[in-house]
Every structure is written in structure tokens, then in C-alpha cells.
Amino acid sequence: MLLNQAFSSFHSKPLRSSYIPLSSSCSSSSSPIRRRSVKTTIPRKTNLKILTTRIVQLTRRKQLRQIFNEIEVAKKQFGKLNTIVMNAVIEACVRCGDIESAIRIFDEMKNPESCGVDTVTYATILKVF
């Protein structure tokens, strides 16, 4: 009978020594971890992504002259532009029906000192024909 009372009282009340707060044991034994600040974005790529988005928006509004103005400003600021941006410009020319400008930009991209062409460029030019 004593054993039953001891056993039932053991399970009915939690032991105080079994509860150990995690925050007190962790903070006293180790120092806080400091993380190094790491730059996750490269400003040049971010700006070219913004430029590409802007070109797509202007293409939807069929504002081809504004696209050419922004490309000239970007070339002065960044030097040569990447293939993605120039593909967006060719797409804008094709959608606006300015075939001559699309072919001129395509020829400019093919030059060795330029960004180069890829399959997207060829596919966009094929939309003309």
C-alpha cells in the first residue's frame, strides 16, 4: 500500500529538479553567435535587372524611343550591357514593328567586343520572318 501511494504521488506531481530552463543553461555556457555582414547583391547586376524590367514595361506601352534613350544612358553608366538586356531591346523592336532597329541591334550584338548572341536572340529575330 505504501508503494502504491508513493508511486501515485510520484506521477501526480512533477519533480522540481526535472525542469531546467533552456535559456539559463544556454546563455551562461556560451557566448552569443555573431554573424558577419555579407553583401548578397551586386549593384551592377541589380541595376541591369531593374533596367531589363523597365524595358519590358516600356515595351508593353510601345515606347521604343524611350527604350533607346535608357539604353544609351545605361551604356554610358555601365559600359557594355549583357545579353539579357539586349534581348529585351530586340524583343521591344520586334513587338513595336521596327525591324530595321532589331536587325541593327542584332548585328551590334554579334561583334566580338559586344555582349554576344544566344538562342533567345536568334528566336526573337526569327519572329520577324
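FYI, in UniProt numbering the residues of the sequence shown are 1 to 129. Glycine is no exception: its CB is placed at the ideal position from the N, C-alpha and C atoms.
_Endpoints, alpha helix (DSSP H) assigned at R104_ = 99–110
_Spatially closest choice to R61 from R104, E72, C93, by CA coordinates_ = C93
*State the Cα-Cα distance for the pair L81 and L126, rounded to the nearest angstrom.*
22 Å
_Checking 8 Å against the spacing of the C-beta atoms, do E72 and L51 come in under that value?_
A distance of 8 Å or more separates the beta carbons of E72 and L51.
*asked:* Would T59 and T121 be called neighbours here (beta carbons separated by less than 8 Å)?
replied: Contact: no.
*Going along the chain, which residues of its own chain have a beta-carbon closer than 6 Å to the beta-carbon of P32, five neighbours each way excluded?*
none
*Of the residues A74, L64, Q63, which one's Cα is nearest the Cα of L48?*
A74
*Since Q77 is in the alpha helix (DSSP H), which residue starts that stretch and which ends it?*
64–78
*Check L81 in the structure and name its three-state DSSP category.*
DSSP places L81 in coil when its eight states are reduced to three.
*With a Cβ-Cβ cutoff of 8 Å, do N87 and T124 count as a contact?*
yes
*asked:* Can you tell me whether E113 is helix, strand or coil according to DSSP?
replied: coil
*Taking the C-alpha atoms as reference points, what is the distance between I99 and R34?*
56 Å
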